[in-house]
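See below for the structure under consideration.
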Amino acid sequence: KTYIYRADSNYNLENYSESIKDYNKAIELNPNDFETYFKRAKAKYNLEYYYGAIADYTVAIELDPDDIDAYYMRGNTKFTLKDYSAAIKDFNEVIELNPDDIDAYYMRGVSKEKLGDNYGAVVDLTKAIELNPEDAGAYSNRGIAKENVGDLSGACDDWTKASSLGDEDATQWVKDQCN
451 KTYIYRADSN YNLENYSESI KDYNKAIELN PNDFETYFKR AKAKYNLEYY
501 YGAIADYTVA IELDPDDIDA YYMRGNTKFT LKDYSAAIKD FNEVIELNPD
551 DIDAYYMRGV SKEKLGDNYG AVVDLTKAIE LNPEDAGAYS NRGIAKENVG
601 DLSGACDDWT KASSLGDEDA TQWVKDQCN
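Just so we're aligned: the sequence shown equals residues 451 to 629 in our numbering.
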């Protein structure tokens, strides 16, 4: 426990390298502790050790296959690495475990848009908007996907809504493309 307390303190102070050292010691003492792998993964992510973070999230998932946060964070890390197909698989797991997870629909939608699946992106971002109608980013990104499939009118509607919710990029897109 001492290692975990010190690791957590270092993590909170953004001393991620030091926190990893203590998480390593804690894992040596208890190699089956989900939380320690999860926390070490977050520290690795913050140091941009993305593959190490993915490895730790994977062990965490093996230890607790129903933990939504581990799937989400692993998917987010894969997204950061631009491995959008792999990210989508993790976001699928999150949605299977929690069909109302706004962030998973949002990230899966953006991942699909990055892969050129704009229709799939529109579906997922629409679901994210249904779950949180005040999400400017979902409107903005759905507008991008709509523009990509030739629906500029729909894109402008989404960007106008995103703009009204404070998205400055969307405000500019409305000025540039929607007059």
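Glycine included, each C-beta is placed from N, C-alpha and C at the ideal position.
Since this is a predicted model, take the numbers as computed values, not measurements.
Any chain D beta carbon closer than 8 Å to residue i
i	result
Lys-562	Looking at the structure shown, chain D is missing, and only one protein chain is on hand.
Within 8 Å, strictly: CB atoms of residue i and residue j
i	j	result
Lys-528	Ala-536	yes
Ala-586	Leu-615	yes
Ile-538	Arg-558	yes
Glu-546	Asn-591	no
Ala-605	Glu-597	yes
Ala-493	Tyr-522	no
Leu-581	Tyr-555	yes
Tyr-466	Leu-497	yes
Host alpha helix (DSSP H) of residue i (start-end)
i	result
Cys-606	602-614
Tyr-521	518-530
Glu-580	568-581
Tyr-455	452-462
Tyr-495	484-496
Leu-565	That residue, Leu-565, is in no alpha helix (DSSP H); it is neither H nor E in DSSP.
Ala-544	Position check: residue 544 holds Val in this sequence, whereas Ala was assumed. Start and end: 534-547.
Asp-626	618-627
Asp-506	500-513
Asn-598	586-598
Asp-551	Premise fails: Asp-551 is in no alpha helix (DSSP H) and is neither H nor E.
Asn-480	From DSSP, Asn-480 is part of no alpha helix (DSSP H); its letter is neither H nor E.
8 Å contact criterion, which residue i and residue j should meet: CB distance rounded
i	j	result
Leu-565	Tyr-534	5 Å
Ala-510	Asp-517	7 Å
Ala-571	Gly-593	The Cβ separation is near 11 Å, so there is no contact.
Tyr-453	Lys-475	4 Å
Val-544	Asn-568	Between Asn-568 and Val-544 the Cβ distance is about 22 Å, and since that is not below 8 Å, they are no contact.
Gln-622	Leu-602	With 8 Å as the limit, Gln-622 and Leu-602 do not qualify as a contact, their Cβ atoms being about 15 Å apart.
Thr-508	Arg-490	Rounded, the Cβ-Cβ distance is 12 Å, inconsistent with contact.
- Message: So, does the stretch 461-470 touch the stretch 480-487, judging by three or more C-beta pairs under 8 Å?
- Response: no
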